[in-house]
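Structure first, then comments.
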Amino acid sequence: MIIVLRPGTGEKEVKHVEQLVLAKGLKTHTVIGEGMTIIGCIGDTTSVDSRLFEVEPCVEKVMHVQEPYKLVNRAFHPEDSVIDVSGVKVGGNHLALIAGPCSVESEEQVIEIARAAKKSGANLLRGGAFKPRTSPYAFQGMGERGLEILCTARKETGLPIVTELMSLEHLELFDEKVDLIQIGARNMQNFDMLKHLGQTKRPILLKRGLNATYEEWIMAAEYIMAAGNENVILCERGIRTFESYTRNTLDLQAIPVIKSMTHLPIIIDPSHAGGKWWLVEPMAKAAVAAGADGLMIEVHNDPANALCDGAQSLKPEKYDALIQAITKIAPVVGKQV
Ligand code: PEP
Ligand code: MN
């Protein structure tokens, strides 16, 4: 249930209505927007009579929210959420350009790629230190040493870092060192992990599960927000379909759908979607044209010898050309770069 207050409602009246909600055993989530204030009521509202609030002079209307997702729901927060990642804004009219290798392989590799990507316009650096691999015999990532290398690259370039959290045992370490904590597709419904993400205020990049519906995906975001961390960015990275020519199928419809359902930013990862480097450019352009809040792209200085995902990685020169094109598309859809 949401209670919309009349424009100009004062702090005292807001508090009064909040008290009425709390007295019904519900929790409140108040959003003070530019033109209006909304009090979201969280909990079982089925037996609550909305007239209790409607009689208050400052209340404009009371609406029941049928959907199971509340905190992520656009009805609770009509304006786009803008998430601050160590000074880089994501959402609204901002465009996040995340680039870097699939996996951290060495200090030289990451720093070389980070410098090139930054020169091209990237504003965040990615790199996997703990890797979720299908095979236990494949390269599993450099672990804590990989994270140290990312921190060195951040120091060298000033780019905030994005890396995947694979296990809760590293949450404290990530809270201390990582600017944007990635939850990979395979952990999207690791509910225990999602609940613990309320222990950090670091922004979370929540990738869509391989076969998750929109609702399952945003309910996962709801878990993180309900645990106390409201800084969530969604990332579409392709879903499983019957098509096997591409690694996954990029669901660009997710952009407008997610934006209608939620107020959270949504970015696109065309690298893991297509699995082929030459699909990255057209899909990245289409994503920005469709209103994506950012792109996460794998860039490697030597894709042929990459330890992971070389086939879908762009060389720095190709990334540079892509960002030049993106720079032209972005203003057309109201994004600043
Ligand atoms: C990644 O971005 O490094 C990754 C493993 O992606 P996903 O979880 O989407 O497969
Ligand atoms: Mn990868």
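First residue of the sequence shown: 33, per the working numbering; consecutive thereafter.
The C-beta atom is built at its ideal place from N, Cα and C for all residues, glycine as well.
What you are looking at is a predicted structure, and each value in this text was computed from that prediction instead of being measured.
For residue i, the three-state DSSP class (helix, strand or coil)
i: residue 174; result: coil
i: residue 342; result: helix
i: residue 113; result: coil
i: residue 87; result: coil
i: residue 197; result: coil
i: residue 189; result: helix
i: residue 134; result: coil
i: residue 219; result: helix
i: residue 286; result: helix
i: residue 305; result: helix
i: residue 293; result: helix
i: residue 26; result: Because the chain is modelled from 33 through 369, residue 26 falls outside the range shown and cannot be assessed.
CB contact flag (residue i, residue j, <8 Å)
i: residue 191; j: residue 159; result: no
i: residue 351; j: residue 331; result: yes
i: residue 278; j: residue 307; result: yes
i: residue 266; j: residue 296; result: yes
i: residue 195; j: residue 210; result: yes
i: residue 302; j: residue 315; result: yes
i: residue 324; j: residue 355; result: no
i: residue 203; j: residue 197; result: yes
i: residue 258; j: residue 241; result: no
i: residue 59; j: residue 75; result: yes
i: residue 239; j: residue 269; result: yes
i: residue 286; j: residue 246; result: yes
Residue i versus residue j: straight-line alpha-carbon distance, rounded
i: residue 227; j: residue 263; result: 14 Å
i: residue 78; j: residue 40; result: 29 Å
i: residue 51; j: residue 84; result: 12 Å
i: residue 261; j: residue 103; result: 11 Å
i: residue 55; j: residue 82; result: 14 Å
i: residue 114; j: residue 121; result: 6 Å
i: residue 363; j: residue 249; result: 29 Å
i: residue 106; j: residue 294; result: 4 Å
i: residue 207; j: residue 142; result: 21 Å
i: residue 117; j: residue 234; result: 8 Å
The ligand MN heavy atom lying under 7 Å from the CB of residue i
i: residue 330; result: yes
i: residue 341; result: yes
i: residue 134; result: yes
Own chain partners of residue i with C-beta closer than 8 Å, once the 5 adjacent residues on each side are dropped
i: residue 171; result: 135, 163, 165, 339, 340
i: residue 62; result: 46, 50, 69, 70, 71, 72
Neighbourhood of residue i by C-beta distance below 6 Å, restricted to the same chain and skipping five residues each side
i: residue 154; result: 129, 131
i: residue 256; result: 226, 229, 236, 264
i: residue 173; result: 135, 160, 161, 162, 163
i: residue 133; result: 145, 159, 332
Contacts around residue i, its chain only, beta-carbon distance under 7 Å, and the 5 residues preceding and following it disregarded
i: residue 321; result: 361, 365
i: residue 144; result: 333
i: residue 175; result: 161, 162
i: residue 318; result: 284
i: residue 100; result: 251
i: residue 276; result: none
Contact set, the ligand FMN heavy atom to C-beta under 5 Å: Looking at this structure, you won't find the ligand FMN anywhere; what it does contain is the ligand PEP and the ligand MN.
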